[in-house]
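Q: Residue numbers (my numbering): 4 to 214.
1) Going straight from the alpha carbon of residue 127 to that of residue 119, what length do you get?
2) Taking the CB atoms as reference points, tell me whether residue 187 and residue 106 lie closer together than 9 Å.
3) Output needed for residue 53: all residues of its chain with C-beta closer than 7 Å, excluding positions within five of it in sequence on either side, in chain order.
4) The alpha helix (DSSP H) that contains residue 30, what's its start and end?
5) Give me, in chain order, the residues of the same chain whose beta-carbon lies closer than 8 Å to that of residue 158; leave out the 5 immediate sequence neighbours on both sides.
6) What did DSSP end up calling residue 202 once you bin it into helix, strand or coil?
7) Enumerated in chain order, which unbroken segments of the alpha helix (DSSP H) with a length of 4 residues or greater are wholly contained in the region 71-138?
8) Whose C-alpha, out of 195, 136, 68, is nearest the C-alpha of residue 125?
9) Measuring straight from C-alpha to C-alpha, what distance separates residue 195 and residue 202?
10) So with Cβ pairs under 9 Å, would you call residue 100 a contact of chain D?
11) Confirm, please, whether the CB-CB distance from residue 38 to residue 79 is below 9 Å.
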């Protein structure tokens with residue numbers, strides 16, 4: 004059988020490409036309208052295929068949501084691995100964690116996560132994502148605590164600070180699109196600047212977090 008020397012995508016590559024396009028489109032519509040207000044017919048229409056064609060990749064809208072959220076949580080897992088791999092101070096790892104997390108989400112087109120969306124999934128899948136979020140949050144809190152002890156950050160409420168970061172980043176998926184003026188890397192850097200330096204001019208800041 005001719006293989007075209009890699010010039011033509013294989014059937015497996017074509018399938019993966021189509022599945023990736025389906026997830027991106029579904030996530031984008033879920034982010035804009037919400038899971039419960041989105042139908043498979045709408046996703047199929049956006050892709051220019053029939054609803055039946057989607058069933059070649061997923062068995063239901065719930066399964067499609069699961070795959071979209073799995074992609075989202077995988078973005079956080081890979082960011083955590085990168086932060087550990089690159090090492091450095093707690094603050095440096097914290098920057099790497101959230102910068103890469105944001106870049107991954109915007110590049111991969113993850114799905115915005117809400118409590119009602121999670122509750123639409125079977126219990127075992129809910130627990131899978133809840134456990135993944137707790138693991139990420141635990142890692143984030145540990146880095147914040149270390150950075151405070153190292154004197155790189157001022158004393159803050161660790162739980163609230165971590166929830167603030169995660170919540171703000173989750174919200175990116177509600178407004179970000181491929182037509183942004185800034186690249187994912189630029190947006191991530193802008194977010195980190197706001198997170199760590201705030202809105203006040205440098206002359207009005209005080210403490211280690213102002214540097």
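Yeah, the Cβ is synthetic: ideal placement off N, Cα and C, and Gly gets one too. This structure is a prediction, so every number in the text was calculated from the model and none was measured.
A: If we stick to the structure as given:
1) 15 Å
2) yes
3) 47
4) 14-36
5) 151
6) Coil at residue 202, not helix or strand.
7) Those alpha helix (DSSP H) runs which fall completely within the region 71-138 and span 4+ residues are 93-111, 118-122.
8) Taking only the C-alpha atoms, the option nearest residue 125 is 68.
9) Taking the straight line joining both Cα atoms gives about 12 Å.
10) Here there is only one protein chain, and chain D is not present.
11) no
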